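What follows is a set of notes on a single structure, which appears directly below.
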Amino acid sequence: MTMITVIAAVLALAAPANAAATLRAVRQITTPATTRLIVELSETAQYHLQRVAAHPEAGVPARLYVDLVGTHLANASSLPNEFGEGPLLRLRATQAPASTTRLILDVPGLTEFGAFPMLDPFRLVIDVRGAPRAAAHPRALSAAEPRTAALELPETTERRTAAPVPQARKRLKIVLDPGHGGKDPGAIGAGGVAEKDVTLAIARRLQVRLASAGDLDVILTRDDDRFVALEERTARANREQADLFVSIHTNGSTNDTLSGVETYYLNNTNDRATIRLAEMENGLRRMTGRDGRDREASLILSDLIQSYKIRESVDFAGEVQHAVVDTLNAQQAVVNDLGVKRGPFYVLVGAGMPCVLVEVSFLTHPIEGARLAQGAYQESIAAGLSRGIRRFVENTRMAENL
Ligand SMILES: [Zn+2]
């Protein structure tokens, strides 16, 4: 089942109204089902997305217009023109009146689209999803090619199920995403501990636990202290055709009495605290907030954000949340169960698999922050995450066998 992804967001202009932003470059990340364009601009700019229906009689495919207000194109030849097997067929740019650059995306099999802005430098990430164009020309199986796939299951499988022989289990791939990294420390704890170090430590411990049974492939979006842009993280999971995506974070607040565990799935919300948290996690607001230098850019979310696999993501979030809270309660100390929530976290946008973002505890809480720096606490969080992921995997496998 497919759902429409519509993300409308407007960034306030940080630059004077008459200063035109320059569209510097467009990068792409393409998988068979998705094309992600990353439009780099010299300044923040307002943007609008508009879907235009196909006109088959005129030979015009479905299109997406992306209007970038108050911008001009540095060099039209800098636009990519080859999009592999992804759904995007062609990209053009026109200079519309009032200094608006219009990007025109031809996407013949367009099913979903969305966009979100990122800062430092300002860029607009545009996702289109649709039928892979390569699907229209399936690669012919050469006669000489051994058809090993058909031979993998022995003919006796059906008879053997009567005996207590475990069935071959589907190998699943899980992408773990340690939040932040490199120049982006994330939240900073009272003792100076950086979120980026805690999330990496937990992700590594979790990887060891999950991989130990040998039936899961576990990939980290980063395995050292390096910066990885948010838009690259989900794209990696899509490229890997992962079955699950888990983004690991520690919470931060200017209110240092806040503590506990909460797990998010992607959706819009009116909850102010969540929006503030999402702005921080999305790099649109400083994590500490104490220096009073909040970005001029403020995110206004409207319309609906929907995700692929949203129902599964809600279930997944529930398993993860309960398991982490139960494990911390049993092994460490009683923690606040802040529950499963929805929030507009960019790192989850465009993921083609069940995906959650876990705020494993508050780094800014004096006690929790100190615990987060300890190996034993990190190990308990990893144990809880592992249990939650395992439960969801087993439930999914059971449901698929039925
Ligand atoms: Zn974070």
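In terms of the numbering used here, the sequence shown opens at residue 5 and continues consecutively.
In this text, a Cβ means the ideal position worked out from N, Cα and C, and glycines have one as well.
A quick note: this is a predicted structure, and the numbers were derived from the prediction, not measured.
Just tell me which of the options has its CA closest to the CA of residue i.
i: ARG4; options: LEU41, ALA215, GLY322, LEU72; result: Not covered by the structure: residue 4. The range shown for the chain is 5 to 406.
i: ALA217; options: ARG394, THR400, LEU332; result: ARG394
i: THR238; options: VAL129, LEU220, ASP260; result: VAL129
i: VAL353; options: ILE206, GLN336, GLY118, ASN333; result: GLY118
i: THR258; options: VAL212, ALA194, ALA80, ALA24; result: ALA194
i: THR75; options: VAL64, GLU47, ASP229, LEU68; result: GLU47
i: ASN255; options: LEU234, THR34, ASN271, GLU285; result: GLU285
i: ALA100; options: GLY322, GLY186, ARG209, LEU77; result: LEU77
i: SER103; options: ALA57, PHE320, LEU83, VAL73; result: VAL73
i: PHE87; options: THR34, ARG243, PRO125; result: THR34
i: GLU283; options: PRO348, LEU342, ARG230, VAL70; result: PRO348
i: GLU89; options: TYR350, THR38, GLU116, ASP228; result: THR38
i: ARG4; options: ARG67, ARG208, ALA49; result: Residue coverage of the chain in this structure runs from 5 to 406, which leaves residue 4 outside it and unanswerable.
i: VAL329; options: PHE120, LEU270, ILE385, SER82; result: ILE385
i: VAL70; options: ILE252, ASP227, THR98; result: THR98
i: ALA198; options: THR225, VAL179, ASP229; result: ASP229
i: GLY190; options: VAL202, VAL212, PHE396; result: VAL202
i: ILE192; options: VAL250, ASP260, LEU210; result: ASP260
i: ALA408; options: PRO112, GLN50, LEU367, THR331; result: Residue coverage of the chain in this structure runs from 5 to 406, which leaves residue 408 outside it and unanswerable.
i: LEU53; options: GLU44, ARG106, ALA24, PRO60; result: ARG106
i: HIS369; options: ALA62, GLY196, ALA25; result: GLY196
i: LEU4; options: ARG315, TYR350, LEU367, GLU383; result: The question about residue 4 has no answer, for the chain in this structure spans 5 to 406.
i: LEU123; options: ALA49, ASN405, HIS253; result: ALA49
i: CYS359; options: ALA321, ALA25, ALA374, ASP341; result: ALA321
i: LEU214; options: VAL250, ASP188, VAL232; result: VAL250
i: VAL179; options: VAL30, ARG31, LEU248; result: LEU248
i: PHE120; options: GLY287, GLU244, LEU210; result: GLY287
i: ALA184; options: PRO136, GLU236, GLN211; result: Here residue 184 turns out to be His, not Ala, going by the sequence shown. Ranking the options by Cα distance to HIS184, first place goes to GLU236.
With hydrogens ignored, establish whether the beta-carbon of residue i is closer than 7 Å to any heavy atom of ligand 1.
i: GLY287; result: no
i: ALA207; result: no
i: HIS253; result: yes
i: HIS59; result: no
i: GLY183; result: yes
i: GLU372; result: no
i: GLU44; result: no
i: ALA282; result: no
i: GLU199; result: yes
i: ALA191; result: yes
Kindly indicate the opening and closing residues of the alpha helix (DSSP H) around residue i.
i: ASN274; result: No alpha helix (DSSP H) contains ASN274, which DSSP labels as neither H nor E.
i: VAL179; result: Unbroken run through VAL179 is the beta strand (DSSP E), 176-182; no alpha helix (DSSP H).
i: HIS322; result: Going by the sequence as given, residue 322 is Gly instead of His. Residues 314-335.
i: THR238; result: 234-243
Following the continuous beta strand (DSSP E) through residue i, name the residue where it begins and the one where it ends.
i: PHE249; result: 248-255
i: ARG28; result: 25-34
i: SER109; result: Sequence inspection shows Leu at residue 109; the Ser mentioned does not correspond to that position. Unbroken beta strand (DSSP E) run through LEU109: 104-110.
i: ILE206; result: First-last for ILE206: 199-215, but that is the alpha helix (DSSP H), not the beta strand (DSSP E).
i: GLN54; result: 51-56
i: PHE117; result: 114-122
i: THR98; result: 94-100
i: HIS76; result: 75-77
i: LEU224; result: 220-224
i: VAL129; result: 127-134
i: ARG67; result: 67-72
i: ILE83; result: First, the amino acid is wrong: residue 83 is Leu here, not Ile. Counting along the chain, LEU83 falls outside any beta strand (DSSP E), and DSSP gives it neither H nor E.
i: THR267; result: 265-270
i: ARG40; result: 38-45
Could you tell me which uninterrupted beta strand (DSSP E) segments, each at least 3 residues in length, are contained entirely in the segment 346-401, listed from first to last along the chain? Those beta strand (DSSP E) runs which fall completely within the segment 346-401 and span 3+ residues are 359-366.
Answer yes if the segment 346-365 comes into contact with the segment 256-270, meaning at least three C-beta pairs across the two stretches below 8 Å, and no otherwise. yes
With contact counted as at least three CB pairs below 8 Å, one residue from each stretch, are the segment 335-342 and the segment 272-279 in contact? no
Counting pairs of beta carbons, one from the segment 314-327 and one from the segment 370-382, are three or more of them closer than 8 Å? With a cut-off of 8 Å on Cβ pairs, the segment 314-327 is not in contact with the segment 370-382, counting fewer than three such pairs.
Taking contact to mean 3 or more Cβ pairs, one atom from each stretch, closer than 8 Å, check whether the segment 170-190 and the segment 219-237 are in contact. yes
For the pair the segment 198-208 and the segment 381-389, tell me if three or more CB-CB distances fall below 8 Å. yes
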